[in-house]
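First comes the structure, then the notes that go with it.
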Amino acid sequence: MRSQAVKIADWKYLKDYEIYLLIDRSGSMEDEVDGDPRYRSRWEWVQKVTADFAGEAKDFAGKSLTVVPFNDQMSVYRDITPANLGSVFRGMRPQGATNLMTPLQFAFQDFENRTKGSQPNQPVGRKLLIAVITDGEPQYYETCARVIVEATQKQTEQFQKELIFLGIGENTIGEGVFNFFDDALMAQGAKFDIVDVVNFDELQDLGIAGAMMEGFRHAKKQSGDFSDNELARMLKKLQRKGR
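For the sequence shown, the working numbering assigns the number 1 to the initial residue and increments by one for each residue that follows.
Structural data, given as structure tokens:
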């Protein structure tokens, strides 16, 4: 549990970001939550931690969220606070696959549009934080990687954009696609390393805001840490897995 003082300190940092919360609602989100019998499903658990996060955003930073549930398709809910969060989950249930590419592309482009003033509701911050809550590796990971790399090309400094993957369930985060996003995109042409990964234990202990801050604290590996052979092996492993 985070103390009041820690929450205040966390939101002093997070308040400068426009926050997009991308929530996996694929069929596997109906599975049980590992090690937490209080909730019937991962989907039910996500609703609880999202409510806590929306409450913190409102109480400590006066912020609302853009919430994007996704499976094969996506929905967009703007200006979400505890008062209207129920409208996001009402009548929605887990089903379908995990197509992250579309909501990820939307979040990057929507932020660019709003920052440039092409939409009437200008964001409070001029920095972008995308948090993806998911229990599985996404489809079309190569296209997702290109979306991330292209987004970094529009940055002029490191912390203008951040993308944090928050894993639900044991062994969700580790080897595989998210490891590739976290460690290898600089070698694939990314201008900055903007991806961090937080495992389920940390997410359970800290909640979404605390897990975000933990993601910021994680040491970032530079592309130089990986040889061409290591990157080739990582890609080959992912390609075999996707067959």
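Each residue gets a CB set at the ideal place from its N, CA and C atoms; glycine is no exception.
Per DSSP, the bridge partner or partners of residue i
{"i": "T134", "result": "G167"}
{"i": "D24", "result": "F70"}
{"i": "D196", "result": "I164"}
{"i": "I80", "result": "L65"}
{"i": "Y17", "result": "K127"}
Inter-residue spacing [alpha-carbon to alpha-carbon] between residue i and residue j
{"i": "G27", "j": "N179", "result": "23 Å"}
{"i": "Y140", "j": "G176", "result": "13 Å"}
{"i": "L100", "j": "Q155", "result": "22 Å"}
{"i": "N84", "j": "A151", "result": "30 Å"}
{"i": "F60", "j": "S3", "result": "13 Å"}
{"i": "M212", "j": "M74", "result": "23 Å"}
{"i": "A187", "j": "Q153", "result": "14 Å"}
{"i": "N71", "j": "Y13", "result": "30 Å"}
{"i": "Y39", "j": "A145", "result": "33 Å"}
{"i": "P103", "j": "M1", "result": "31 Å"}
{"i": "I208", "j": "E30", "result": "20 Å"}
{"i": "A9", "j": "V49", "result": "19 Å"}
{"i": "Y77", "j": "E157", "result": "29 Å"}
{"i": "V88", "j": "L185", "result": "32 Å"}
{"i": "G86", "j": "D79", "result": "13 Å"}
{"i": "R114", "j": "I130", "result": "15 Å"}
{"i": "W45", "j": "D52", "result": "11 Å"}
{"i": "N136", "j": "E32", "result": "In the sequence as displayed, the identity of residue 136 is Gly instead of Asn. Their Cα atoms are separated by approximately 14 Å."}
{"i": "T66", "j": "K58", "result": "13 Å"}
{"i": "W11", "j": "F111", "result": "20 Å"}
{"i": "S293", "j": "L203", "result": "In this structure the chain extends from 1 to 243, so residue 293 is not present and cannot be described."}
{"i": "P138", "j": "R90", "result": "24 Å"}
Beta-carbon proximity list for residue i, same chain, < 6 Å, skipping 5 on both sides
{"i": "R134", "result": "According to the sequence as given, residue 134 is Thr; it is not Arg. So the list reads D24, once near-sequence residues are dropped."}
{"i": "V132", "result": "L22, F165"}
{"i": "K127", "result": "D16, Y17, Q160"}
{"i": "G55", "result": "P82"}
{"i": "V68", "result": "L22, M74, V76, P103"}
Any C-beta of chain C under 8 Å from that of residue i
{"i": "R40", "result": "No chain C is present in this structure, which holds just one protein chain."}
Neighbour-count burial assignment, residue i, 16 or more Cβ in a 10 Å radius
{"i": "R42", "result": "buried"}
{"i": "A219", "result": "Because A219 carries a pLDDT of 48, less than 50, the predicted location of this residue cannot be relied on, and the following value inherits that uncertainty. Looking at its Cβ environment, which holds fewer than 16 other Cβ atoms inside 10 Å, A219 is exposed."}
{"i": "P37", "result": "exposed"}
{"i": "D205", "result": "exposed"}
{"i": "G169", "result": "buried"}
{"i": "I19", "result": "buried"}
{"i": "A5", "result": "exposed"}
{"i": "T98", "result": "buried"}
{"i": "K116", "result": "exposed"}
{"i": "G62", "result": "exposed"}
{"i": "G210", "result": "buried"}
Nonlocal neighbours in the same chain, by C-beta distance under 8 Å from residue i, ignoring five residues either side
{"i": "T143", "result": "M101"}
{"i": "D196", "result": "E162, L163, I164, F165, D182, G215, F216, H218, K220"}
Residue i CB to nearest heavy atom of the ligand MN below 7 Å
{"i": "I130", "result": "No copy of the ligand MN occurs in the structure displayed, which carries no ligand at all."}
Close-in-space but distant-in-sequence residues of the same chain around residue i (CB under 7 Å, 5 per side omitted)
{"i": "V147", "result": "M101, L104, Q105, F108"}
{"i": "V149", "result": "L185, Q188, G189, A190"}
{"i": "M92", "result": "R25, P69"}
Margin query: Taking 8 Å as the cut-off, does the region 103 to 116 touch the region 188 to 207 (at least 3 CB pairs, one atom from each stretch)?
Written below: By the Cβ test, the region 188 to 207 is not in contact with the region 103 to 116, since fewer than three Cβ pairs between them sit closer than 8 Å.
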